[in-house]
Each structure stands twice: as C-alpha cells, then as structure tokens.
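**Student:**
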Amino acid sequence: MTLKVVTWGTGNVGQFAVRAVVNHPELELVGHIVTTPERVGKDVAALANLDEPTGIIASSDIDKVLGLKPDCVVYTAHSETRMMEAAEDQARCLSQGINVVASSLFMLQQPDSPDVQFLAEPIQAACLKGGTTCFNNGVDPGFANDTMPLVFTGVSEYWTSVRMQEIINYATYEQEHTIREVMGFGYPIDHKIMFFEPGVLSMAWGGSVRSVGAALGVEIEKVYEVFERVPLDADTENAMGVFKKGTMGAVRFEVRGVVGGRDAIVLEHVTRLTDDMCPDWPKGKGYKAIIEGEPNMTISMDMEDRNGDHAVAGVIQTATCLVNAIPAVVGHKPGMVAAWDLPKICGKGLYRPELA
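Just add 601 to the spot in the sequence shown (first one is 1) and you have the working numbering.
#1: Which parts of the region 878-952 are runs of the alpha helix (DSSP H), unbroken and 4 residues or longer, counting only runs that do not cross its ends?
#2: Spell out a yes or no on whether the region 778-788 and the region 838-858 are touching, meaning 3 or more CB-CB pairs, one atom from each, closer than 8 Å.
#3: Out of Leu720, Ile821, Gly732 and Asp876, which has the shortest C-alpha to C-alpha gap to isoleucine 866?
#4: Which whole runs of the beta strand (DSSP E) in the region 754-830 are 3 residues long or more, in chain order?
#5: From isoleucine 657 to glutamate 829, what does the alpha carbon distance come to, in whole angstroms?
#6: Enumerated in chain order, which unbroken segments of the beta strand (DSSP E) with a length of 3 residues or greater are wholly contained in the region 653-719?
#7: Looking at the secondary structure, which residues open and close the alpha helix (DSSP H) in which valine 635 lies?
#8: Can the beta-carbon of aspartate 644 be found less than 7 Å from the beta-carbon of threonine 637?
#9: In this structure, does DSSP put aspartate 876 in helix, strand or coil?
#10: Within the same chain, show all residues whose beta-carbon is closer than 7 Å to that of glutamine 776, passing over the 5 residues directly before and after it, in chain order.
#11: So, helix, strand or coil for valine 614, using DSSP?
#12: Determine, using beta-carbon pairs with one atom in the region 685-694 and one in the region 717-726, whether at least three such pairs fall under 8 Å.
#13: Tell me the rounded alpha-carbon separation between alanine 957 and glutamate 629.
#14: Which partner residues of proline 832 appear in the DSSP bridge assignment?
#15: Less than 7 Å between CB atoms is the rule here; does alanine 687 satisfy it with respect to chain C?
#16: Express the C-alpha separation of proline 928 and methionine 841 in angstroms, rounding to a whole number.
#17: Please return the same chain residues whose Cβ sits closer than 6 Å to the Cβ of valine 550, not counting the five positions on each side in sequence.
#18: Count the C-beta pairs between the region 754-772 and the region 873-889 that are closer than 8 Å, then say yes if the count reaches three, no if not.
#19: What is the rounded straight-line gap between the Cα of glycine 731 and the Cα of alanine 703?
#20: With DSSP as the reference, label glycine 731 as helix, strand or coil.
#21: Can the beta-carbon of valine 930 be found closer than 7 Å to that of asparagine 700?
#22: Grab me the residues of phenylalanine 959's own chain with a C-beta within less than 8 Å of its C-beta, minus the 5 sequence neighbours each way, in chain order.
#23: Only counting the same chain, and skipping five residues up and downstream in sequence, which positions put a Cβ closer than 7 Å to that of aspartate 906?
#24: Quick check on the DSSP output: the alpha helix (DSSP H) that includes asparagine 746 runs from which residue to which?
#25: Leaving out the 5 sequence neighbours to the left and right, which residues in its chain are closer than 8 Å to valine 813 when beta-carbon positions are compared?
#26: Go to leucine 956, then tell me how far its beta strand (DSSP E) extends in each direction, as first and last residue.
#27: Can you tell which of Ala815, Gly642, Ala621 and Leu669 has its C-alpha closest to the C-alpha of glycine 632?
#28: If you measure between the beta carbons of cysteine 922 and asparagine 738, is that distance less than 7 Å?
#29: What span of residues does the beta strand (DSSP E) with leucine 604 cover, start to end?
#30: Would you kindly work out how many angstroms separate the C-alpha atoms of threonine 733 and asparagine 624, rounded to a whole number?
#31: May I ask which residues mark the beginning and end of the alpha helix (DSSP H) holding valine 740?
#32: For serine 803, which of Tyr774, Val756 and Pro742 has the nearest alpha-carbon?
#33: Who are the Cβ neighbours of threonine 603 in its own chain at under 8 Å, not counting the five residues just before and after it?
#34: Go ahead and pull the three-state DSSP assignment for alanine 726.
#35: Pick helix, strand or coil for alanine 647, following the three-state DSSP scheme.
#36: From which residue to which residue does the beta strand (DSSP E) around glycine 842 run?
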C-alpha cells in the first residue's frame, strides 16, 4: 500500500526529505507546506533541486494541505528559536489523525527525557487524541547515537562505556543562522551564546545519552556537559561568509551520562570550520561509536554525498532516517516513539542501479 505524505519545510533538511519521498517506492508526495513567501506557488522540484516537475505546488495554507488527509507529515521546519511553535505544529497534525516524523525537535529523540517534558507532553496528548505516532529523530541526534552503537553492543560479552562521536567540518553546512547565532561560530570566544548556557547542551543531546541507557537497561543517574571553544588563527571564508581571526572556529563538547558514579555513556561533538584546526582533537568525516568492554570496538561511519561533501551527506541522512521510517511509524501504536521502539529499518526497495 502506498502511503500519502506531506512535507513541511524546504530548508537544509527539508529539500532532501522531499527528494527522498519522491524517490521512495512506498510513498506518494501529495502536498508541501512552506512559510517563506517567495517559495509559495512553486513546484517542489524547484525547491528540492529535482530534475523533473512533480506537480506538487508549495503552499502556505496549512489547513488546506492537511485537509488532503496524508498518512504522515515530514516536519523539518526551523525550530531552534521557535520550539513551542514547532511543538504546536506537530500537535496540530497529530491531533487530526496524521502521523509525524520530524527532525526539528531533535531533543525529543528520547521522549521521556525529563528535560524536554514541556515539549513532549502536548505532543503525546495530541498523539493519543488523534490515534497517531510521532518520531523525532535524524542522524545526530538520531541514528549515529541511538542505533549504530546499540547494534554493536549486541556482539559484546560485556561493555564498560559507550562513546558516540560526531566529527565534522561545518564549513559547507550552509545554515548561517544556526552556525553563527545558535552555535556562536564567528563570535569572540567570550561572547555569551545560549548554546553554551548551563544545561542547554544536556537538554539538546541528553536524549541521545538517555536513549542508549534505556535500551541497554542501565539507569542514568545524572547528565552533564563540558565544552571547549577555540578561536581561528586566521580569517576563513566559506559559503556562509567570512569568519574573522580570533573568533570561534572550533568547538568540542561532551554530554556525559553517569552510571554507577562513572561517565559510562558519552556523546561527543568535534566541530571545525577548517580541517587544520585543533590537530590534537579527534579526526574524521562523520560518526564513530567507541565501545569499551570485551571486545573493544570502534565503528566508523565516514560518508560523502555524490559531490564528495561529508557535511551535506549528514544532512541527507537526517532526512532519509525520517522518510525511510514512515511505514514503520504509520504502523506503530499511538504515542511518541524512540528509534529502539521501531522495527529494524533498512533500504528495502531503494535499489537504483541506474545511478551506479
């Protein structure tokens, strides 16, 4: 059975979500919601860099598009500075009997995390009202944290720690507001930025730590964060503009989950704007899971898109993680779900030999 899908947002992740839905054999794109006036009235092919027109016209009339009664909405609208509005958008769909997969409220990766109940409670209520399911996920927070490391603990005799790493150069991320205003790149090191206020990193990524703990059956006693910011030693320019010498050009942070008094489950991000920064920090082009125990294991997921860009590849994975989960989410019992609640998801039906 083909499932009807509406996409909401055509930004960094949304454009790839549209592409993934259009190319998925079990899904049919029936509508697209935008909030940017200049995108209204355009075929989504123009917004998602598709070769052929889809016949689906971007609309800002939310009621009209939801009135198409899709099985699922892929919600990727901006949420960093509008979390409550994003939660209301998701609840609006869910209460009308429309399932939701979303990247925007990534802190809901583990819905029962105590720090995010102000977002989770209205969404859970909407799920129960509409008999629907909601899955907030991506690649990080998401697959690289709550799926990749857990699968490999399944071949452990025992484990003593799990570390999840993202190591990415964000120079090609092309989300200037997020990079500058949310994360603080391009600002002086001592500039006060909400991203590094106490508890913010733990709220955003604590769900990743708690998700692993829940799946592995251990109690997380405490979640806390540490971070280090490093300035650029020279000006650098990328698609987002010029970043000046002396402003933040790299950051390394950890969100640590304490089990039995030990930092047993740790999420780490190593983010640079130039590859030569902080040579003593971990290196890579993607994600790693480091599992200590018997045996010790390091699992690397280095990725590139078809143009050789690893940052864009991660954005694609955020979209495909959601889109490929739609059949499982639609078939699940009502409520908010974490990745480990769903059946195994693979690339069934996605073989495309003509693109080899």
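Yeah, the Cβ is synthetic: ideal placement off N, Cα and C, and Gly gets one too.
**Tutor:** To lay it out plainly:
#1: 911-924 and 927-931
#2: yes
#3: Ile821
#4: 759-770
#5: 45 Å
#6: 673-676 and 700-703
#7: From DSSP, valine 635 is part of no alpha helix (DSSP H); its letter is neither H nor E.
#8: no
#9: coil
#10: Asn613
#11: coil
#12: yes
#13: 24 Å
#14: Met849
#15: Looking for chain C here will not work: only one protein chain is present.
#16: 36 Å
#17: There is no way to answer for residue 550, as the model of the chain reaches only from 602 to 957.
#18: yes
#19: 17 Å
#20: helix
#21: yes
#22: Residue 959 lies beyond the range of the chain shown here (602 to 957); nothing can be said about it.
#23: Val913, Ala914 and Ile917
#24: 744-747
#25: Asn746, Asp747, Pro750, Leu751, Val763, Met765, Gly858 and Ile866
#26: Segment: none, leucine 956 is in no beta strand (DSSP E) and carries neither H nor E.
#27: Leu669
#28: yes
#29: 604-609
#30: 25 Å
#31: That residue, valine 740, is in no alpha helix (DSSP H); it is neither H nor E in DSSP.
#32: Pro742
#33: Glu627, Leu628 and Glu629
#34: helix
#35: helix
#36: 842-844
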